[in-house]
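S.K.: To start, I am sharing the structure in question, which I have written as structure tokens.
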Amino acid sequence: MRKVITLICCILAARLSFAGYYYYQGERVPIVINPDSVVVYKANASLASGNFETQPSMEAKNKINDVLSQNNIVVSSIEYVIGDSITRKMSNCFYVKLHHYSDTTILKNIVEQTRTHLLGEVPHMDRWYKIKVANSTINNSLEMSNYFYETGYFEDIDPGFAFEFTPNCVSDSEFASQWALPAIHACDAWQQTTGNPETVVAIVDQGIDTSHREFANTMFSEYAYDCCADREVDTIQGDHGTMVAGVIAASHNDELIAGLAPDVTIMSVSHPLSPRYTSGQELASGISWAVEHGADVINCSWGDRAGFYYVCLHSALLEEALLNAVTEGREGKGCVVVFASGNAAENRMVVDYPACFTPELLVVGSINAQEKKSTFSGYGSTLDVVAPGEDIYLTMYGDSYIIDSGTSFAAPHVSAIASLMLSVNPTLTRKEVVDIIESTAQKVGDYDYIDYGFASPNGSRHIRVGYGLVDAYAAVSVAKTKYIQNHAYQSGSITVENYPEIIAGYAVTDNKPYGNVILEAGSDVTYSATEQVVLKPGFHAKAGSNLHIKIEDAIANIAASPQQVAPRSSSAPTDDADSTIKELANNGLETVTSNIIVSTSIYTISGQLIQTIIGGQHNATDLPNGMYILQHRMSDGSVRSEKIANNK
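Following this line, the structure appears as structure tokens:
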């Protein structure tokens with residue numbers, strides 16, 4: 003596992019502050035060595051990086067070695083960081099190309115002289131060899147690779163930069179320019195979902211240009227609402243709504259850009275967002291209309307900057323509409339209402355109204371590509387998370403595009419994530435969605451995140467970036483899966499349900515402290531999922547407890563035994579296209595459940611029929627100790643057999 007270790011100490015050497023070089027096609031290429039960072043490779047090849055202050059060479063080396071020793075870190079190499087504003091780390095390996103295979107003797111001799119480590123040939127690459135730097139005569143790969151090339155014995159060299167390649171996981175031509183999507187791990191999230199047309203995002207803004215090419219294949223609701231005219235029509239009252247909509251729903255259609263949730267339904271609630279005596283009332287009506295017409299998520303990329311200049315004013319009418327949305331929307335589960343924090347933070351700490359009036363709203367600030375708070379981004383105690391909001395590629399009214407900045411374009415990234423989460427699990431409440439987004443946020447920048455206890459229920463936060471940068475993949479993963487670890491079920495009955503997937507064990511997520519899942523005597527636990535239940539090592543049931551597994555309409559009731567035996571790995575059997583099948587293991591007993599099992603026959607190992615159960619139910623308490631064969635007859639006529647053991 004790769005771990006990042008922060009070291010409070012001085013820099014390795016003053017020479018890091020001047021330019022270096024590497025060889026490319028026989029020529030020296032100058033590069034800038036970062037004066038503030040190094041990369042520390044531990045003896046087990048794990049990576050640790052830290053920021054250091056430039057100091058004289060010998061003093062700095064002594065200080066860094068002292069800190070490493072105090073932290074029991076055994077170092078194999080200390081590598082450079084290349085660049086200043088945009089940095090690239092060095093790996094602890096480099097590559098050389100021989101003139102001829104007969105030069106391997108020369109290579110081995112130089113490897114021995116430099117105390118480097120020859121790791122062998124690069125697969126499928128003619129005459130290229132990989133060399134590792136670890137406790138070598140020169141303790142970094144850049145200078146060592148230069149030395150190898152400067153001997154004149156080798157045809158070519160590759161210093162082994164640790165590139166940060168990002169996948170172009172869609173075919174839209176300007177995807178590579180959308181830095182925001184890799185930053186929040188969109189490609190990984192899209193492996194799980196690109197949205198569901200039944201999930202509705204209301205964009206309360208200036209209206210959406212539905213004729214734009216990016217929305218040609220996007221599912222738009224038949225309903226739209228003009229707040230000013232009180233009519234169900236999509237009135238275009240400015241560019242802003244179309245710009246926001248592209249962040250959420252630009253199609254993956256070989257055109258220029260990709261939206262984060264291209265397959266959700268967008269609902270347009272339009273308003274000019276210009277000073278009007280009736281703005282509060284009109285926006286209240288629009289928000290309430292969206293709730294009445296089935297909005298799951300409501301994006302509000304607007305706010306009143308009056309709180310920045312004067313005493314903050316309130317609209318009881320608008321606030322009632324927002325509170326009703328978060329409490330009564332989605333048939334009582336609550337709409338996820340997302341607000342931009344505002345762009346008035348240049349001179350003082352402030353979050354726009356109405357974003358600041360209640361913690362029930364999800365308030366989003368902006369960061370830039372260097373993962374720093376945008377200078378304009380509103381911040382304070384009511385800020386929840388940040389998202390990319392600078393230099394964002396946007397759709398524009400009139401089938402055009404624009405690059406622009408603002409918290410207005412950070413907020414829809416979060417609205418899109420919420421819609422992806424509800425696409426995989428529509429049973430989540432508003433609070434559950436918000437809690438997941440906040441608890442899975444990435445800690446970015448050099449901010450001093452603090453756990454404020456009751457005031458920060460989802461982890462540590464900072465007034466400038468909230469809980470951190472949102473992570474689409476992590477949020478969707480947690481929304482889809484109920485992770486259970488470090489938990490003991492006491493006496494009584496409890497049901498965990500409404501998740502596609504439930505995984506229980508000692509270390510199934512990094513979002514909670516590691517620990518076993520234990521069913522105490524007298525507990526009666528039901529795991530009910532629509533796709534699969536996975537029990538991993540660290541799941542234990544004590545004598546007198548019961549576990550029920552339900553996958554759609556199939557139930558497995560596995561009785562506990564006096565032993566505490568961890569279940570087997572979930573690597574087999576695997577799911578197939580015909581049914582949802584998952585191996586459940588508890589104290590040596592295994593069974594298979596499926597939503598298309600018609601009946602299950604239980605045989606002794608010698609072939610004697612014990613009983614036949616209709617459907618996937620089976621209670622193991624009535625089986626004596628021993629080995630058994632379960633024969634499942636499926637709805638398609640096929641038969642599946644497996645061997646189980648009951649060790650009561």
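In this note's numbering, the protein residues as written are 3 to 650. Note that the Cβ used here is the ideal one computed from N, Cα and C, for glycine as well. Note that the coordinates shown come from a computational prediction; the quantities given were computed from them, not determined experimentally.
Could you tell me which whole beta strand (DSSP E) segments of length 3 or greater appear in the segment 128-194?
M.R.: Entirely contained in the segment 128-194, the beta strand (DSSP E) runs reaching 3 residues are, in chain order, 130-134 and 156-160.
S.K.: Using only alpha-carbon positions, find the residue among Lys538, Glu522, His489 and Ser525 that is nearest to Lys514.
M.R.: Nearest option by C-alpha distance: His489.
S.K.: Between which two residues does the beta strand (DSSP E) containing Ala490 stretch?
M.R.: Element bounds for Ala490: His489 to Tyr491.
S.K.: Report yes if the CB atom of Asn427 is closer than 8 Å to the CB atom of Lys482, and no otherwise.
M.R.: Yes.
S.K.: I'd like the list of long-range same chain contacts for Gly22, defined as Cβ closer than 6 Å, with 5 residues on each side in sequence excluded.
M.R.: The residues are Ile33 and Ile35.
S.K.: Between the segment 77-87 and the segment 135-147, can you find at least three pairs of beta-carbon atoms closer than 8 Å?
M.R.: Enough Cβ pairs lie closer than 8 Å, so yes.
S.K.: Thinking Val480 and Ile419 are a contact (beta carbons under 8 Å), I'd like their distance in whole angstroms, please.
M.R.: Val480 to Ile419, Cβ: 11 Å. No contact.
S.K.: Determine the contact status of Val535 and Ile504, defining contact as a CB-CB distance below 8 Å.
M.R.: Yes, these two residues count as a Cβ contact at 8 Å.
S.K.: Does the distance from the C-beta atom of Glu216 to that of Ala252 stay below 8 Å?
M.R.: Result yes, Cβ atoms of Glu216 and Ala252 sit closer than 8 Å.
S.K.: First and last residue of the alpha helix (DSSP H) that includes Thr107?
M.R.: Start and end: Thr106 to Thr116.
S.K.: Return the CA-CA distance between Gln57 and Ala389, expressed in angstroms with no decimal places.
M.R.: Low local confidence applies: a pLDDT of 32 at Gln57 is under 50, so the model's placement there is unreliable, and no value is given.
S.K.: Does the beta-carbon of Glu224 have 16 or more other beta-carbons within 10 angstroms, so that it is buried, or is it exposed?
M.R.: Under this definition Glu224 is an exposed residue.
S.K.: I'd like to know whether the C-beta atoms of Gly288 and Cys337 end up nearer to each other than 8 Å.
M.R.: Cβ atoms of Gly288 and Cys337: not closer than 8 Å.
S.K.: Let's test the definition: count the other Cβ atoms within 10 Å of the Cβ of Tyr26 and tell me whether it reaches 16, buried, or not, exposed.
M.R.: Exposed: under 16 other Cβ atoms inside 10 Å.
S.K.: Starting from the C-beta of Asp128, find all residues in its chain whose C-beta is less than 6 Å away, skip the five residues before and the five after it, and write them out in chain order.
M.R.: Contacts found: none.
S.K.: Kindly list the residues whose CB is nearer than 6 Å to the CB of Ser179, restricted to its own chain and excluding five residues on each side of it in sequence; keep chain order.
M.R.: Tyr395, listed in sequence order.
S.K.: Short check: CB of Val366 to CB of Val340, under 8 Å?
M.R.: Yes, the Cβ-Cβ distance between Val366 and Val340 is below 8 Å.
S.K.: Count the other CB atoms within 10 Å of the CB of Tyr279; is the residue buried (16 or more) or exposed (fewer)?
M.R.: Flag for Tyr279 reads exposed.
S.K.: Helix, strand or coil for Val353? Go by DSSP, reduced to three states.
M.R.: Of the three classes helix, strand and coil, the one that applies to Val353 here is coil, per DSSP.
S.K.: Distance check for His187 and Tyr155, CA to CA, integer angstroms please.
M.R.: In a straight line, the C-alpha of Tyr155 is about 43 Å away from that of His187.
S.K.: Start and end of the alpha helix (DSSP H) containing Thr329?
M.R.: Residues Ala318 to Glu330.
S.K.: If you count every other CB in all the chains shown that lies within 10 Å of the CB of Gly261, and 16 or more means buried, which is it?
M.R.: With 16 or more other Cβ atoms within 10 Å, it is buried.
S.K.: If distances are taken between C-alpha atoms only, which option among His316, Thr442 and Gly197 comes closest to Ser281?
M.R.: Nearest of His316, Thr442 and Gly197 to Ser281, Cα basis: His316.
S.K.: For Ala357, count the other beta carbons within 10 Å of its own beta carbon; 16 or more makes it buried, fewer makes it exposed. Which is it?
M.R.: By the neighbour-count rule (16 or more Cβ atoms within 10 Å), Ala357 is buried.
S.K.: Roughly how many angstroms separate the alpha carbons of Leu183 and Cys189, rounded to a whole number?
M.R.: So the alpha carbons of these two residues sit roughly 8 Å apart.
S.K.: How many Å lie between Thr397 and Gly507 at the Cα?
M.R.: So the two alpha carbons sit approximately 45 Å from each other.
S.K.: The alpha helix (DSSP H) spanning Glu284 covers which residue range?
M.R.: Note, Glu284: alpha helix (DSSP H), Ser281 to Glu294.
S.K.: State the start and end residues of the unbroken beta strand (DSSP E) segment that holds Ile394.
M.R.: Segment Ile394 to Met398, the beta strand (DSSP E) holding Ile394.
S.K.: Less than 8 Å between the beta carbons of Asp232 and Arg307, yes or no?
M.R.: Against a cut-off of 8 Å, the Cβ pair of Arg307 and Asp232 comes out as no contact.
S.K.: Between the segment 256-275 and the segment 205-215, do at least 3 Cβ pairs fall closer than 8 Å?
M.R.: Verdict: yes, contact present.
S.K.: Is the segment 443-451 touching the segment 461-478, taking contact as three or more C-beta pairs under 8 Å?
M.R.: With a cut-off of 8 Å, the segment 461-478 and the segment 443-451 count as touching, because enough Cβ pairs lie within range.
S.K.: Which same chain residues, not among the five before or five after Ile84, have their C-beta less than 6 Å away from its C-beta?
M.R.: Within the same chain, Ile84 has close Cβ partners Ile33 and Arg90.
S.K.: So the candidates are Lys552, Tyr516, Gln492 and Tyr501; which of them puts its Cα closest to the Cα of Ser525?
M.R.: Taking only the C-alpha atoms, the option nearest Ser525 is Gln492.
S.K.: Which residue spans inside the segment 211-251 form an unbroken alpha helix (DSSP H) run of at least 4?
M.R.: The segment 211-251 contains these whole alpha helix (DSSP H) runs: 242-251.
S.K.: Throw me the rounded Cβ distance for the Lys538 and Val498 pair, which I believe falls under 8 Å.
M.R.: Wrong, their Cβ atoms sit about 15 Å apart, outside the cutoff.
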